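Only one structure is covered here, and it is reproduced in the block below.
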Amino acid sequence: MFYRPTSFWTWALVVLTVAETLVVLAIEGIIFAMFRDAQRPISKTTSESKAVPMFLSLLILGLLYQQLLVYDTLAHRNTIQLIGLCIYAACFCVYTGLQVTQLQVAIVALADLDFLLINDIWAKIGPLAIVNATATGAHMLVLSGISFKLYAEFQWTIYRQLNADLDMQKRYFLFQIYMTLLKFDFFFFVGFLLQNAVVVAGFTGTVEWSVVVAVVYTVIVLITSSWYVKRENRLATAILLGLQLVLLGYFIFRFTNMFSGNSYYLPVIKSLTYFAVITILLGAITVGVGITCMLNFNKGLKPHVSSNRLAEEWLGDHEMELSEI
-7 MFYRPTSFWT
3 WALVVLTVAE
13 TLVVLAIEGI
23 IFAMFRDAQR
33 PISKTTSESK
43 AVPMFLSLLI
53 LGLLYQQLLV
63 YDTLAHRNTI
73 QLIGLCIYAA
83 CFCVYTGLQV
93 TQLQVAIVAL
103 ADLDFLLIND
113 IWAKIGPLAI
123 VNATATGAHM
133 LVLSGISFKL
143 YAEFQWTIYR
153 QLNADLDMQK
163 RYFLFQIYMT
173 LLKFDFFFFV
183 GFLLQNAVVV
193 AGFTGTVEWS
203 VVVAVVYTVI
213 VLITSSWYVK
223 RENRLATAIL
233 LGLQLVLLGY
243 FIFRFTNMFS
253 GNSYYLPVIK
263 SLTYFAVITI
273 LLGAITVGVG
283 ITCMLNFNKG
293 LKPHVSSNRL
303 AEEWLGDHEM
313 ELSEI
């Protein structure tokens, strides 16, 4: 069954997220259209010209993925993921703030090369970029307030599920942290790789197939990691943690390659560095938490995380009690 919000605060979170998505994407679409119309045809072969499409693509991916995360958070009453959403929103706010300076750098560079039909286009695009950054900042603040209200509501569900067993609660929260990290890893890992692919392709005119392979590898590793940790398969989990370390090494390689003198990274170096640092930190934390989860295998947690039917019963009991209050 599809989840449907059942309280004022769950509806508030849904409405807030949809509103932010519509506002930010509308403004970003206007920025992209204005930037495209201001370019001379020859400028579209430069790395600077790829900055705006890259920002737009990543924002679309990030905002749509945020919709899925919100739905998943509410459907499973996931307190850890609720906190993760607030951090995700803060990261998004910083990214849109960096976009302001990076857009200005790209536009100034194109103007110096006489690649723009409208040299003062920044005077029109700049305020819109600032509005976007302000909108994501406002969303982050309101989201934090709503999440505070929802946290107490969701926390009671967890307490009931685990019958107030403190040791089991600790194991369950570690499991939740790991599963939440995997979900956020997906966006940041794939987003970092796609940005690399767009920048390099924009400069060289060719697709870097190692990045394409890395994206597929990332998706497979993250999905299978989630599947096997739920089933407490120690061997498979250990192998997948090793594969995550390989992926982390590849991210570090891509990060260092950004500073090897390649000029095509310059228009997006700040935002890409920001994304790379988050990606590497997330990767390292995910492996560390994954190892801790693996050490908790065969300690009674498996029935609590692998039975969808049991989870639905707990959820139904919680909703009945709320309606009686």
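All the letters of the sequence shown, read from the start, carry residue numbers -7 to 317 under the numbering used here. Glycine included, each C-beta is placed from N, C-alpha and C at the ideal position. Remember, predicted model here, so these are calculated numbers, not experimental data.
Asked, Found
"Looking at C-beta atoms only, is the number of pairs between the stretch 244 to 264 and the stretch 154 to 173 that lie closer than 8 Å three or more?", "no"
"Among residues of its own chain, excluding the 5 on either side of Y57, which ones have a beta-carbon nearer than 8 Å to its beta-carbon?", "F178, F179"
"Using 10 angstroms around the beta-carbon of L237, count the other beta-carbons present and answer buried if the total reaches 16, otherwise exposed.", "exposed"
"Would you call Q91 buried or exposed, if buried means 16 or more other Cβ atoms sit within 10 Å of its Cβ?", "buried"
"Classify L108 as helix, strand or coil using the three-state DSSP reduction.", "strand"
"When you compare each of V191, F181, G241 to I212 by their alpha carbons, which one comes out closest?", "F181"
"Please work out which residues of its chain come closer than 8 Å, Cβ to Cβ, to A82, disregarding the five sequence neighbours upstream and downstream, and give them in chain order.", "M132"
"DSSP three-state call for T2: helix, strand or coil?", "helix"
"By alpha-carbon positions, which one of Y256, K291, E200, F243 ends up nearest to V269?", "F243"
"Should W201 be labelled buried (16 or more other beta-carbon atoms within 10 Å of its own) or exposed?", "exposed"
"Who pairs with Q161 in a beta bridge, going by DSSP?", "According to DSSP, Q161 bridges with nothing at all."
"Select from Y266, G275, F140, A276 the residue whose C-alpha is nearest the C-alpha of T88.", "Y266"
"Report back the beta-carbon spacing between R163 and L108 to the nearest angstrom; my notes put them in contact at under 8 Å.", "In fact, because the Cβ distance is near 58 Å, the residues do not count as touching under 8 Å."
"Candidates V260, G234, V221: which alpha carbon is nearest K294's?", "V221"
"I'd like to check one pair, Q96 with G118: are the Cβ atoms closer than 8 Å?", "yes"
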